[in-house]
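In what follows, a structure is listed as C-alpha cells, so that the remarks can point back to it.
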Amino acid sequence: MPGEPDAAAFHALSDEDALRALESAREGLSSEEAARRLAEHGPNRLPEPPRRSVVLRFLAHFHHVLIYVLIASAAVTAALGHWVDTGVILAVVLVNAVIGFVQEGRAEQAMEAIRGMLAPRSAVLRDGRRRTVDAAELAPGDVVLVEAGDRVPADLRLLEARGLRVQEAILTGESAPVDKAVAPVAEDAALGDRASVLFSGTLVAAGTGRGVVAATGGSTQIGRISGMLSEVQVLTTPLVAQMDRFARWLTVFILIVAGALLTYGYFVGHLPFSELFMAVVGLAVAAIPEGLPAVLTITLAVGVQAMARCNAIVRRLPAIETLGSVSVICTDKTGTLTRNEMMAASLAAAERVYSVGGEGYAPEGAVRWREADADPGEHAVLMEFARAAGLCNDAALHEAHDGWRVEGDPMEGALMALAGKITGAGAAPFSEWRRVDAIPFDAAHRYMATLHADGDGQACIHVKGAPEAVLGMCADQRAAGGDVEALDGDHWRDQVETLAAGGQRVIAVAVRAAPQDQTALTPADLEGRLTLIGLVGLIDPPRPEAIEAVAECHAAGISVKMVTGDHAATARAIAGMIGLRNTSRILTGAEIESMDDAALALAVVETDVFARTSPAHKLRLVTSLQARGLTVAMTGDGVNDAPALKRADAGIAMGRKGSEAAKEAAELVLADDNFASIASAVREGRTVYDNIKKVISWTLPTNAGEAATIMVALFAGMALPITAVQILWINLVTAVTLGLALAFEPSEPGVMRRPPRPRGQPLLTGALVWHVVMVATLFLVAVFGMYFYAIDRGYPPALAQTMAMNTLVVLEIFHLFFIRNIYGASLTWSAAKGTKVVWACVVAVTAAQFAITYLPPMQAIFGTHAVALTDGALIVAVGAVFFVLIETEKQMRLAFRRPPPAPAPGAGD
C-alpha cells in the first residue's frame, strides 16, 4: 500500500507506471481495499473552513443599532436608580441575543444537512464493476469514470480520454476548456499544461474518460489553496434584507419621534425627566420591530427544512420567495414526469415487429412474434439486436435487494437487459468481446459507436442513436433471414412514427464488419457504410404521482410545459398520459429555430409540448415566457442546461441524473428527480411566503398599537395606561413566542388553488397599511377604554394599568389567531384548534401574564395588581369583540373584493 501520494509527480508518469505507483489496476480496487485506504487517508473532502468561536458568535448579536439604543437606555435608567427598569431592558437585550444565536445555529445546521444531501457522487470501478459512490468515499487508487457535465471528484491520472475537454478556470484562470490526453508530460510542466491529469473541482466540458485517483481531500491541488475553501452560505434573501433596511429606517424614525417627545414632554409638558425618559424608552421598544428580521430568517430556515423533506433542496434562499410566484414550469420528460426505468418494448426488423416482455432492468423476459416466443436460432436478426444492444453500451446491471439496478444511462441499461433476455446470458452478455475504441454519444451527432473484437478474429462496429442520424449513415438493411438488402427509408420512417405514436422512445441500431487489426474509430468509418439492423422501441411509463402533481399545478393556475429531446409523437403520447392540456400542437426544435423572438413569444404560451429540443432551445423558451411577464421554473440536468437554469426565475436541477454544472447553476436540486417534488416545493414556497406575510402582518400592527398607546398618552399629558416597564415586559414575552409561532404554520387550505401572485408584488401593500392602521386604532380604543373603565370604577392606578396591560396581551393573542388564516375564515373549529406550536406559545404567554399579575414578587417588580375574575372575563370579552370586528372586516373585504385578473394566455391552461 502506498503512502500519501505526491499528486504533483503523476503527470510525468505513464498511465501504467501511475497504476503501479498507486498499487492499483485498470479494473479498480476491491471493496475491501478501498475501505482500508479510505480509513487510512480519510474522507475525500476539503478541510472545514475556520469558524468563529461560540462566544464571538453570541457577542455578534449585540451588534445592532437598536441594541445600542437599549444598552444606552439601561445605563441611563441605572444612573437614575430605576434598577427594575434597567433589569427588564437588559433582559430584552439578552433574550433577543439568545434567540438570534439559537436561530443562527439552527440555520447553519440546516445548511450543513443540505450540503450533505448535495454531496456529489462519482462512478467508480469496484471489484471490476461500475458502481456509484459518494465522492467523499473515494480513496487513492480508485478508478473513476467521468463524462461531460461532471465535476472531477479528486485529482486523477488519466487512463483513457475520448474527446475529453475540461474547464480549469478555478485553478488556472484560463477561461477556455483545455484538451486532456493520456500521454505523460514534462515533470516541470506548469499546472495548466498537465494534460494527463484531471484536477479536483474542475468541470468536464466534453467527452468521456477514466482515471486513477492520485490524491484526495486536502492533498489535491485545490485542497492546497486555502483561499478556495467554501464559506458557510449566509441565510438571507432580498426580502429579509429589505425588511432589515425597513426596520433600520423605522428605528431612525422612531428615535427622532422619541427625541421630539422627550423634548416636548420636558420643556412643554414639564414632566419629570426620569418618568418621561422611561416612557420614551418604552415607546422606542414598542414601535421598533427589533425581532422581525430574525423571525423572518427563522421562517425561511423552517421552509428550507420543509422543502428538504419534500426532496427539494434549496441551494439559494431567494428561490423560496420565487417559488411562491411561479406561473410556468418547464420540465424534462424522462425521469421527471416518467419513472426513468426504461424497458425495451418493441423490436422492429425489416419485415417483422417483435414485442419484448419483462419488467424494469431485469435481464429476464421473452421476445415474442405473432403471440409466440421467438427463438433467436430461428430469427437471426434477434442476435444482431442483442450484439448491438450489449456491446454499444456503457451501462452495467447489478441485482440489489430491491431488484435490478442500472449503473449508467437508463436507456443503455434497458438495452443491456434486452441483450440478456435474447441471449439468456444474464447481466453480462458478450463478455468475450473486447472494446477497442469508441465514439461517445454527443448531442451534436446524436449517436454512439463502438469497435469491438473477439478472440476468434472477428471485429465489428456497432452504432446506436437517433433514427434520423443512424439512417443517414446506412447503405443497406438486414433482412429477416440475415441477408443484406437495399435500405427502404420510407418504411423505416413509417415504423418510427408508429412506435413513437405509442409513447415509445425509438432508437436505431446498425452494424458493420471491420478488419481485426483496426485500432481506431472515426466518423469516416461510419458515413454511408453501415447496415441497419432495425429499431428498438423503449417505454418509460409516467409516474402516477407526477400525474397528480400536474393536475395540482393546473388547479393552482400554473402551466406545465414539457420540453424534451424525444420525437414529437413520443412527446405527444406521454403528454396525454400525464394530463397536459394542450397536446394538439407541438413545437419542434427545428420550428423554434425558424421563428424570430416575437413569433416564439406568441407561440410559447399556447404550446405545452416541445419536442426534439436542444439545451439552446431551453434558453430561448425561458426568455420568451419571461417576455410575456410570466415567472418561469425550468428543470435541467446537462452541462449545456446551465444557461437556461441561470436565466430561469427558479432553476431546478436533477439530483440523481443531473451534472454538477447543472446543480451549481440551479437554485433548487431535486433529490429524487421527480416532478411531484416540484409541485411540493411550489406548495412549500407559497406556504413560506404566506408565513412571512403573516409574521409581518402580526408584528407591525401590534407594535404600532403599543407605540400609539404611549404617544397618545404623552401628547395628551396624561398618565400612561401602561407603564414603560410593562411595555418592555410585553415585548419580552410576546415577540419571542407569538410572533415566532407563525414561522411554523402549515399550508392553508386552498394554497394550491390560488393563482400565482403577481411577479414583484411587494409585501408592504396598501391592504397591509390599512390593516396596520385599523388594528392599531382598535388596540388604542380597547386599551384606553379598559383603563378609563377601571379608573371610573375607582380602582387604584396600578390595577388600572395592570388591566390595560393584560388587555393589550389578550388583543395580541386574538390577533394571532386572526392572522393564522389570512385567506379564509378564522371562525371555524379547525382554525381555532390551531397547531401545537401556537398553543404552546399561547399557554406560555398566559402563564407569564398570570405570574406578573398575581405573584407578589412579580407585582413588586412591575408595579402590577391582582385582577378580579369578573374583570379578567371582561378583558377576554373585549378581545373576543376585537376578534369579531377584524374577522368581519376581512370577510367583507374577501366577499366584495374584485376577482383576480385572469392568468396570461396559457398560464393556467
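Position 348 (the sequence shown) corresponds to 348 in the UniProt record's numbering; numbering is contiguous. Yeah, the Cβ is synthetic: ideal placement off N, Cα and C, and Gly gets one too.
Mind reading off the beta-carbon distance from Val326 to Ala549? Whole number of angstroms is fine, and I expect it under 8 Å.
-> 13 Å between Cβ atoms; not a contact.
Pair within 8 Å by beta-carbon distance, Gln849 and Asn821 = In this structure, Asn821 does not lie closer than 8 Å to Gln849 by Cβ.
Simplified DSSP state of Gly209, which is helix, strand or coil = Secondary structure of Gly209 (DSSP, three-state): strand.
Exposed or buried, which one is Leu764 when buried takes at least 16 other CB atoms within 10 Å?
-> By the beta-carbon neighbour count (other beta carbons within 10 angstroms, threshold 16), Leu764 is exposed.
Classify Ile727 as helix, strand or coil using the three-state DSSP reduction.
-> Under the three-state reduction of DSSP output, Ile727 falls in the helix class.
Thinking C-alpha only, which one of Ser196, Met307, Ala78 is nearest Ser747?
-> Ranked by Cα distance from Ser747, the options Ser196, Met307, Ala78 are led by Met307.
Leu530 to Leu471 span [Cα, whole Å] | Straight-line Cα distance between these residues: approximately 9 Å.
Out of Val69, Arg121, Arg57, point me to the one whose CA is closest to Val98's CA.
-> Residue Arg57 holds the alpha-carbon nearest to the alpha-carbon of Val98 among Val69, Arg121, Arg57.
Residues of its chain near Leu714, where Cβ-Cβ distance is below 7 Å and the 5 sequence neighbours each way are ignored = A distance below 7 Å between beta-carbons, with the five flanking residues on each side excluded, links Leu714 to the following residues of its chain, in chain order: Leu261, Gly265, Ala279.
Can you tell me the Cα-Cα spacing of Asn609 and Lys180, whole angstroms?
-> One detail in the question is off: residue 609 reads as Val in this sequence, not Asn. Distance between the alpha carbons of Val609 and Lys180 is about 39 Å.
Limits of the unbroken beta strand (DSSP E) element including Ile652 | Note, Ile652: beta strand (DSSP E), 650-654.
Less than 8 Å separating the beta-carbons of Leu768 and Ser697?
-> The Cβ atoms of Leu768 and Ser697 sit closer than 8 Å to each other.
For Gly390, the first and last residue of its enclosing alpha helix (DSSP H) = Here the alpha helix (DSSP H) through Gly390 covers 380-391.
Can you give the Cα-Cα distance for Leu720 and Ala671, rounded to whole angstroms?
-> Taking the straight line joining both Cα atoms gives about 57 Å.
List the residues that DSSP assigns as beta-bridge partners of Gly464.
-> The amino acid at residue 464 is misidentified as Gly; the sequence shows Lys. Note: Lys464 sits in a beta bridge opposite Met448, Val509.
Let me know the secondary structure DSSP gives Ser594 once reduced to three states.
-> Here Ser594 sits in helix by DSSP.
Rounded separation between Gln242 and Gly259 - CA only = Cα to Cα, the separation comes out at about 26 Å.
Cβ-based neighbour list, Val136, same chain, cut-off 7 Å, excluding 5 preceding and 5 following | Sequence check: residue 136 is Ala here, not Val. Within the same chain, and ignoring the five residues on either side of Ala136 in sequence, the residues whose Cβ sits closer than 7 Å to its Cβ are Pro43, Asn44, Arg45, Ala119.
Burial state of Ser219 (16 or more Cβ within 10 Å) = Using a 10 angstroms sphere on the CB of Ser219, the tally of other CB atoms reaches 16 or more, which defines it as buried.
So who's on the other strand from Ile313, going by DSSP bridges?
-> Beta-bridge analysis with DSSP links Ile313 to Val669.
Alpha carbon to alpha carbon, how far is Gly705 from Thr777? Give it in angstroms, no decimals.
-> Roughly 7 Å separates the two Cα atoms.
Whole angstroms is fine: what's the gap from residue 910's alpha carbon to Ala798's?
-> No statement about residue 910 is possible, as the shown extent of the chain runs from 1 to 909 and does not include it.
My understanding is that Gln504 touches Gly457, with C-beta atoms under 8 Å, so please give their C-beta distance in whole angstroms.
-> Taking a contact as a CB-CB distance under 8 Å, the pair Gln504 and Gly457 does not count as one, their CB atoms being some 37 Å apart.
DSSP state of Pro542 mapped onto helix, strand, coil = Here Pro542 sits in strand by DSSP.
Please name the residue or residues paired with Thr635 in a DSSP beta bridge.
-> DSSP lists Ile652 as the bridge partner or partners of Thr635.
Below 8 Å on the Cβ atoms is my guess for Val285 versus Ile727; work out the distance and round it to an integer in Å.
-> With 8 Å as the limit, Val285 and Ile727 qualify as a contact, their Cβ atoms being about 6 Å apart.
Just checking my contact of Ile586 with Pro542 at CB under 8 Å: how many whole Å lie between their CB atoms?
-> Contact flag wrong, Cβ pair sits at about 17 Å.
For Thr450 versus Ala438, is the C-beta spacing smaller than 8 Å?
-> Contact flag set, yes.
Residue span of the alpha helix (DSSP H) that contains Ile861, given as start and end | Ile861 -> alpha helix (DSSP H) spans 856-862.
So, are the CB atoms of Leu499 and Val509 less than 8 Å apart?
-> Not a contact, by the Cβ cut-off of 8 Å.
Three-state class that DSSP yields for Gly589 in the structure shown = Gly589: helix per DSSP, three-state reduction.
Note down, in chain order, each residue of its chain lying with its Cβ closer than 6 Å to the Cβ of Ala479, except the 5 sequence neighbours on either side.
-> Excluding residues up to 5 positions away in sequence, Ala350, Glu485 lie with their Cβ nearer than 6 Å to the Cβ of Ala479 in the same chain.
Kindly indicate which three-state DSSP category Thr334 falls into: helix, strand or coil?
-> Look at Thr334 here: in three-state DSSP terms it is coil, with no helix or strand label.
Which word fits Val733, buried or exposed, when buried means at least 16 other C-beta atoms lie within 10 angstroms of its C-beta?
-> Val733 should be labelled buried.
For Val152, the three-state DSSP class (helix, strand or coil) = Of the three classes helix, strand and coil, the one that applies to Val152 here is coil, per DSSP.
With distances taken from CA atoms, which of Glu552, Thr77, Val560, Ala444 is nearest Pro523?
-> In terms of Cα proximity to Pro523, the closest of Glu552, Thr77, Val560, Ala444 is Ala444.
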